[in-house]
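Take a look at the structure below.
Number of protein chains: 2
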Amino acid sequence: MEALPEFYMRESMTENPVNPLREQKVTIDDVAMLAGVSISTVSRVLNTSGYVSKKTADKVNDAIRKLKFVPQSSARNLASNRTNTLGLVVHELAAPFILPLLRGIENATRDSGLNLLVGATMDKRRLMATLGEHNADGLLVTAGCITDEELLRLYYAKFPIVLMFRKPPDGFDIPYIVAENRQSSSAMVSHLIKDCGRRRIAFLRGLEADYDSHQRELGYRDALAEHGIPFDESLVGYGGFDEAVARNTIETWLEKDLAFDAVFAGDDEAAVGVYHAAESAGLSIPDDIMVVGFDDDYLARRMIPSLTTVHVPIEEIGKNATCMLIDLINGKYVESMTLPTEVVIRRSSCIS
Amino acid sequence: MEALPEFYMRESMTENPVNPLREQKVTIDDVAMLAGVSISTVSRVLNTSGYVSKKTADKVNDAIRKLKFVPQSSARNLASNRTNTLGLVVHELAAPFILPLLRGIENATRDSGLNLLVGATMDKRRLMATLGEHNADGLLVTAGCITDEELLRLYYAKFPIVLMFRKPPDGFDIPYIVAENRQSSSAMVSHLIKDCGRRRIAFLRGLEADYDSHQRELGYRDALAEHGIPFDESLVGYGGFDEAVARNTIETWLEKDLAFDAVFAGDDEAAVGVYHAAESAGLSIPDDIMVVGFDDDYLARRMIPSLTTVHVPIEEIGKNATCMLIDLINGKYVESMTLPTEVVIRRSSCIS
DNA sequence: CAACAACATAAAAGCGCTTTCATAAAATCT
DNA sequence: AGATTTTATGAAAGCGCTTTTATGTTGTTG
């Protein structure tokens, strides 16, 4: 058989039916009894559905308060066929941009009275059993954590999904929310060219398949073209949106005396890698090389010198994605969106 | 009445019963039918409980696979009176130490086949309705996000809780897991004194009530005492475990020419604040002042110069706390623990 | 003041599982 | 072989809610 979570196999489970000591439960029946009404009426006031007279509602609410009644979600979910839960699927709980994202999502779910279930993709089978169709009303999915195949399976099953930082495969109208990348990348690189007089600007890619990375590269090329600077393949390297990787790339370049006077690092993480490579080579930022990133994450403001980057409203993205998902769940039409971003100039590209 | 989450008030909810289009559900009955057994038997193989012959189990598992059956947790929860869900209560989804913590917790819950519900405290009533007694089997609680009062209410209700980075009020044996603070703080400060020859070492406190902060201060004093350096109140300031606050404190000190040659910043966040204050005053780290932090968070390795700090096994704490909570839920005896930490010497306290 | 709508409540039927409880077959022991 | 015990399965009773249906009770209209 499909291996069951070991949890279920614990003997203690059958021997020791959970928390025998837990306080006695207050149920809807208790409330109904105290208020002198039927449980249907209690349910109606709980859900503000159907007709309830003011007087009765008051009685019921009094009883609820007196008994400290909290409806049990499992019963509610079972009866109403909704879980009141949103699932968040992320690739890894490591990158710092996850935090504001989580914050945005958590706020929005809380405001809607929904629960947030978090899952990181490692074991896909298990993840889907946990967050999948029966145990969440919808899913928020970030880039790189679910294959197109799995995504389409859910799509065909009409399961509500909103993508973040990622667009669906061509031809499928799965709602998504992404940040504007190309234009702001171009603006960023133009800044280096126009304002800072740089000409040999390197670019560090993320993963091939990554939507963001690709858009940023297009923006980079746009800016070069616009200012009549020929695109030079040797100035493009792999940064992997990762500090260590980026650092390694730059160090290799420096060793073989590749000439460049600025680096557009793909994202802030990678930019930090560039900082370290520069530092160990004794190069000064921004004087010897300028460095710019993308995301405006936790690090950008904290690094010394502070990092010029593109501000991405990540918390906003989380919030909006959540609202979109809620609408989707409620059967409303949802429009995908691209949120604007903004170049933030800091010290790492400062002409002194 | 108690304000209901606005979600419930949406008209769409009654009008449009969630996802009318969702694929038809596969239930335990379907599995039973296909396998030619009763649902009790299916349930037994799902839970590996009771007696089931190998042959029957195989038939059932085949059917489960064929139908892609996933048991619906709400039904399961309702029937079995457990939610299979752990709640995580954090104060704010902002501090970087949350990420490794979340990672540790998520891994452990996943390994146990449990779900993880995340809640940030903002609206306590709502939080407890969401994560509280009926909707999670237990709670993981970090420092500063629940009042002692609320904590004790749950304690008296025998609701399983594990505290992280925090000890329970005196006399209550609520299991906790904390990191060793005092000894390593002392070791850290001793390092500055012995290895680096510093004598005027400042300390930046966190919040008064914070357990960690208090312990770290004790360690700081221990080290001073040990090396015969008198404690100087003027060298202790408020850092708030926050970059901006710490920066401000240091800048104020520098303006009034307070003399110090090293700062023990309370935590890494605050240390970054010190970096910025030093930088804007034109002071070099570590030559003019050395800076050390605590936590070894995301920033420590990334700052330039890299930050000497105390490594706290945060992911480990998350993992262990989760295991403790699971044991607790299963009625086992759980022992609180203090995890060891370790001084990590990096460039910010480097004698050049 | 009938006749009909709008409002208010209760009874009852599930939701999809787990968990007794009852029963039967197979294995083990006198 | 008969008496137990162990193993194996199914029937049925809920878990605590929501929701449909039925039944009043008001209020309103012609």
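Those sequence lines, one after another, are chains P and W. Residues in the first sequence are numbered from 18 upward in steps of one, following the numbering used here. Residues in the second sequence are numbered from 18 upward in steps of one, following the numbering used here. Beta carbons: idealized from backbone N, C-alpha and C, even for Gly. On a predicted model such as this, the values are computed, not experimentally measured, just so you know.
Check: Interface residues of the segment 105-123 of chain P facing chain W [CB-CB below 7 Å]; Outcome: L110, A111, P113, I115, L116, L119, R120, E123
Check: Opposing strand residues paired with W/A219 [DSSP bridges]; Outcome: W/V280
Check: Whether P/A219 touches P/V262 by CB criterion (9 Å); Outcome: no
Check: Selected residue, minimal CA-CA separation from W/S353, among W/K184, W/A288, W/H328, W/A242; Outcome: W/K184
Check: Per-residue DSSP class, three states only, for P/I210; Outcome: helix
Check: Candidates P/Q232, P/D75, P/R61, of which the one nearest P/A393 by Cα; Outcome: Any property of residue 393 of chain P remains undetermined from this structure, which presents chain P solely from 18 to 369.
Check: Paired residues, beta bridge with P/H328 - DSSP; Outcome: P/D312, P/E359
Check: Start-to-end residues for the beta strand (DSSP E) that takes in P/A137; Outcome: 132-137
Check: At least three beta-carbon pairs within less than 8 Å, the segment 172-181 of chain W to the segment 330-346 of chain W; Outcome: yes
Check: Chain W contact for P/R127 (CB, 9 Å cutoff); Outcome: yes
Check: Contact residues within the segment 224-247 of chain W, judged by C-beta distance below 7 Å to chain P; Outcome: none
Check: Where the segment 291-317 of chain P meets chain W: residues whose CB sits under 8 Å from a CB there; Outcome: Y292, H293, E296, Y315, L316
Check: For W/G121, the three-state DSSP class (helix, strand or coil); Outcome: helix
Check: Chain W contact for P/A49 (CB, 9 Å cutoff); Outcome: no
Check: Partners in chain P for W/T100, counting only beta-carbon separations shorter than 7 Å; Outcome: S91
Check: Amino acids of chain P, ordered along the chain, whose beta-carbon sits closer than 8 Å to that of W/L103; Outcome: In chain order: nothing, as chain P lies at least about 11 Å away.
Check: Three-state secondary structure assigned by DSSP to W/V253; Outcome: strand
Check: Burial state of W/V291, where buried means 16 or more other Cβ atoms lie within 10 Å; Outcome: buried
Check: Length-filtered (4 minimum) alpha helix (DSSP H) runs lying within the segment 144-178 of chain P; Outcome: 165-173
Check: The segment 259-274 of chain P touching the segment 283-303 of chain P, judged by at least three CB pairs closer than 8 Å; Outcome: yes
Check: W/M354, DSSP secondary structure in three states; Outcome: strand
Check: Bridge-paired residues (DSSP) for W/A196; Outcome: W/L356
Check: Alpha-carbon to alpha-carbon, W/V59 and W/M50; Outcome: 10 Å
Check: Cβ-based neighbour list, W/V48, same chain, cut-off 7 Å, excluding 5 preceding and 5 following; Outcome: V59, V77, A80, I81, L84, F86
Check: Cutoff 9 Å: P/L133 Cβ touching any chain W Cβ; Outcome: yes
Check: For P/R276, the nearest candidate out of P/P177, P/A226, P/R217 (CA to CA); Outcome: Note that residue 276 of chain P corresponds to Ala in the displayed sequence, not to Arg. Closest option to P/A276, Cα to Cα, is P/R217.
Check: Neighbour flag for W/L95 against chain P, beta carbons, 9 Å; Outcome: yes
Check: Beta-carbon proximity of W/G155 to W/L342, cut-off 9 Å; Outcome: yes
Check: Neighbouring residues, chain P, relative to W/A52 (Cβ below 8 Å); Outcome: Chain P residues near W/A52: none, gap ~12 Å exceeds 8 Å.
Check: Own chain residues within Cβ distance below 6 Å of W/C367, not counting five before or after; Outcome: P303
Check: Expected contact under 8 Å - CB spacing of W/V361 and W/A204 to nearest Å; Outcome: At roughly 11 Å, the Cβ-Cβ gap does not stay under 8 Å, so W/V361 and W/A204 are not in contact.
Check: Chain-ordered residues of the segment 319-333 of chain W with a beta carbon less than 9 Å from chain P; Outcome: R319, M320, I321, P322, S323
Check: Which residues DSSP lists as bridging P/M181, in chain order; Outcome: P/T159, P/I194
Check: 9 Å Cβ cutoff, W/V253 in contact with chain P; Outcome: no
Check: Given P/V43 as reference, the closest of W/K72, W/I115, W/S207, W/A174 once Cα atoms are compared; Outcome: W/A174
Check: Three-state secondary structure assigned by DSSP to P/L38; Outcome: For P/L38, the predicted structure reports a pLDDT of 43, less than 50, and the residue's modelled location is therefore unreliable. A value from the coordinates is still provided. In the structure shown, P/L38 sits in coil (DSSP, three-state: anything other than H, G, I, E or B).
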